[in-house]
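**Q** Per this note's numbering, the sequence shown starts with residue 486, numbered consecutively.
Sharing a structure with you now.
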Amino acid sequence: MGPSKKILIVSGEPSGDLHASNLVKDLKILKPDIEFFGLGGNLCLEAGVDIDFDISKLAVVALVDVLKNIVTIGRVFKDLLKKVDSKKPDLAILVDYPGFNLRIAKELKKRNIPVIYYISPQVWAWGEDRIDIIKKCAAKIIVFFKFEEELYKKRGVTAEFVGHPLLEAVKPDLQKNEILKKYGLAEDRPIIALLPGSRMTEVSMLLKMMVEAVKIMDKKLNGIQVIIAKYRDLPIELYEKAVKDSGTNIKIADGDAYNILSAADFAIVASGTATLETAIIGTPFIITYKTGLINYIAYKIVAKIRVIGLVNVIAGRVIVPELLQYDATPERIAKASLGIISDASKKYSMIADLKKVKDSLGPQGARLRAANACLPYLQ
């Protein structure tokens, strides 16, 4: 029996950390002797990846945030390359995080290390030139959406659509009556879930605004129940500060988003992976997002599409309202939410549209298909 194979994993954001950790688990089932090392978050660490630096702490999405962390990111980049030169991996799996990973891909190409890019950057939204870098530096890209596979193949990139692994992950593990009992919620009053994101900057920017919106909604609906789905790696104080002095009874659930969404009648969700998770569960919702002015201007300059919610991109039209930047105010969020909650036809039409989005994500088993797609590159 030969020496064990080594795989470099680089994942830099909470959603990427989730998908990378699940891929690692499935690869270990298929080939138990693989050794994993690289960059990632707590989930990759728990899955058995030898993590040198928790890069999820640098999970930045905006230009200003990148500039603030540029020295640290540069140091991590150099340290990672030293580790690569020392361990000489047989394969690299780079997960999303294009600003960092496409630079790493170029360096790995120089070292003749095969690269699989896992999860496409949003080239259909902005930065289409990144397709050329992927074509030059990656042996293959594994994508979650059928339209992405078609886009890459037209540009001569070896791409494989495996379906979306969230179909397997997004499953509540409690019945509704158990969830209500767990959080002290009444069955006869509307439940509103708040999902303000997975990054410190997002929660700081969005949660207070969401809380103000549900205060307005409470006056109209008379007795709504509000519960926040806290991201597990963020401090509870961040959430408690936002709800302090709100005058509304708001509960905070730690790391239990899927159960919360399944019990909720409606949700207010920050743009990102959570919008797709909410669609899979089938809870009616609205999308909101806000960032600093410089970041917003930079995005508007490069953006090619008018919507940012994944559910709307997949549907090819707006099926979930998006309240972004200047439209992201408590008053507008409350008005849009009440317009759906109080109109049964709108609510059930959205539920039907969300079901179509879910059905378009492919069959179950995406994780294992992705793991099998990686194995040939270890030969």
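Idealized CB from N, CA, C, for every residue including glycine.
1) With which residues is I676 paired in a DSSP beta bridge?
2) What is the residue span of the beta strand (DSSP E) that G523 lies within?
3) Could you compute how far the alpha carbon of C859 sits from the alpha carbon of I626?
4) For D581, is the classification buried or exposed, using 16 other Cβ atoms within 10 angstroms of its Cβ as the cut-off for buried?
5) Any idea what DSSP makes of Y716, helix, strand or coil?
6) Can you pull the DSSP bridge partners for D539?
7) Between the alpha carbons of K490 and I745, how many angstroms are there, rounded?
8) Could you check which residue in E613, R596 and A764 has the C-alpha nearest to that of P583?
9) Decide if N507 is buried, meaning its Cβ has at least 16 other Cβ atoms within 10 Å, or exposed.
10) Would you give the residue range spanned by the beta strand (DSSP E) that L576 belongs to?
11) Compare the Cα-Cα distances from D812 to each of R717, Y774 and P675 and report the closest residue.
12) Does T763 come out as helix, strand or coil in the three-state DSSP assignment?
13) Use the C-beta contact count for A829: other C-beta atoms within 10 angstroms, 16 or more gives buried, fewer gives exposed.
14) Using 8 Å as the Cβ pair cut-off and three pairs as the minimum, do the segment 675-686 and the segment 698-711 touch?
15) How should I514 be labelled, buried or exposed, when 16 other C-beta atoms within 10 angstroms of its C-beta is the threshold for buried?
16) Could you say if the segment 837-844 and the segment 718-737 meet the contact criterion of at least three C-beta pairs nearer than 8 Å?
17) Go through its chain and collect everything with a Cβ distance to L651's Cβ below 7 Å, but skip five positions before and after it.
18) Rounded to whole angstroms, how far is the Cβ of I865 from the Cβ of D575, which I believe are closer than 8 Å?
19) So, helix, strand or coil for V534, using DSSP?
20) Quick test of your reading: V805 and F770, contact by CB under 8 Å. State the CB separation rounded to the nearest angstrom.
21) Does DSSP put E613 in a helix, in a strand, or in coil?
22) Express the C-alpha separation of E697 and A644 in angstroms, rounding to a whole number.
23) Within the continuous beta strand (DSSP E) that includes S496, where are the two ends?
24) Which of helix, strand or coil does DSSP assign to T773?
25) Quick check: the segment 658-671 against the segment 706-716, are at least 3 beta-carbon pairs closer than 8 Å?
26) Starting from the C-beta of Y603, find all residues in its chain whose C-beta is less than 6 Å away, skip the five residues before and the five after it, and write them out in chain order.
27) Taking 7 Å as the threshold (C-beta atoms), are G794 and S747 in contact?
28) Consult DSSP for L846 and reduce its assignment to one of helix, strand or coil.
29) Once you ignore the five residues that flank E672 on each side, which residues in its own chain have a CB closer than 7 Å to its CB?
30) Helix, strand or coil for F630 per DSSP?
31) Taking the alpha-carbon positions, what's the P861 to R852 distance?
32) Suppose you measure from the CA of K591 to the CA of I618; what does that come to, to the nearest Å?
**A** Let's see:
1) Q710
2) E520 to G525
3) 10 Å
4) buried
5) coil
6) G525
7) 40 Å
8) E613
9) buried
10) L576 to V580
11) Y774
12) helix
13) exposed
14) yes
15) exposed
16) no
17) L761, E762 and I765
18) The displayed coordinates of the chain run from 486 to 864. Any statement about residue 865 would go beyond what the structure contains.
19) coil
20) 6 Å
21) coil
22) 44 Å
23) K491 to S496
24) strand
25) yes
26) I578, V580 and I627
27) no
28) coil
29) L665
30) coil
31) 16 Å
32) 8 Å
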